[in-house]
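These notes concern the structure reproduced below.
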Amino acid sequence: MPGWQPTHYSRAQLEERRLAALAWIERGTHRNQEIANHFGVSVHTVYTWKARLRRNGGLQATIASGATSRLTAAQHEQLRTFLREGAVHHGFPDPTWTTRRVTDLIGRHFDVWYHHDHVRKILRQLGFTPQMPDGRAAERNELRIASWKEQVAPELGKKGR
């Protein structure tokens with residue numbers, strides 16, 4: 004029996020284990036159960052490895068491509084243009100782009116409806132990053148603030164002593 008086994012292996016660790024088992028499989032001197040016990044896998048996994056070896060000629064890792072995008076490359080570029088034009092230009096009440104607004108924009112223009120959480124990934128792919136609001140009022144008067152700090156704030160400090 005193998006020693007302690009982690010609950011999750013990285014893709015590289017899984018491949019390393021498969022390739023180490025490959026030598027045992029090719030040698031043909033060990034039973035499937037012995038291979039499974041030595042490498043900490045089920046017998047079913049050994050059968051799967053053997054089938055894969057016959058089918059593909061090896062046990063190297065495959066590339067996980069993921070799902071294909073529902074937007075074309077041209078639509079991604081068009082979306083980037085829309086975002087640069089601004090939210091107000093596209094009928095929103097203020098210039099803030101939220102993921103829900105971008106979801107609506109994609110749906111209206113391309114008839115493709117994503118969940119707003121996924122739109123975050125699309126925005127990152129397009130080179131956009133999340134922005135935090137400034138937190139300052141648009142009506143803020145820097146001259147009055149400086150004047151207050153100069154004249155009123157020192158007086159308040161004296162009264163507190």
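In this note's numbering, the protein residues as written are 4 to 164.
Cβ atoms here follow ideal geometry from the backbone N, Cα and C, with glycine treated the same way.
Please read all numbers here as calculations on a predicted model, not as lab measurements.
Given residue i as reference, the closest of the options once Cα atoms are compared
| i | options | result |
| --- | --- | --- |
| THR71 | ILE125, ARG83, ALA149 | ILE125 |
| ARG111 | PHE131, ARG123, GLN78 | GLN78 |
| ARG73 | TYR117, THR10, GLN154, ARG123 | TYR117 |
| ARG87 | THR132, GLY69, PHE113 | THR132 |
Which of helix, strand or coil DSSP assigns to residue i
| i | result |
| --- | --- |
| GLU142 | coil |
| HIS41 | helix |
| THR99 | coil |
| SER68 | coil |
| SER13 | coil |
Alpha-carbon to alpha-carbon, residue j and residue i
| i | j | result |
| --- | --- | --- |
| ARG143 | LEU82 | 34 Å |
| ALA15 | THR99 | 42 Å |
| ARG127 | GLU158 | 50 Å |
| GLY160 | ARG139 | 25 Å |
| GLY130 | HIS92 | 20 Å |
| ARG55 | VAL115 | 37 Å |
| ASN40 | HIS121 | 41 Å |
| ILE28 | ARG20 | 12 Å |
| VAL105 | ALA141 | 24 Å |
| ILE109 | THR84 | 12 Å |
| TYR12 | THR32 | 27 Å |
| PHE95 | THR65 | 45 Å |
Exposure label - residue i; buried when at least 16 CB within 10 Å
| i | result |
| --- | --- |
| LEU62 | buried |
| ALA76 | exposed |
| ILE38 | buried |
| TRP52 | buried |
| ARG58 | exposed |
| LEU22 | exposed |
| ALA67 | exposed |
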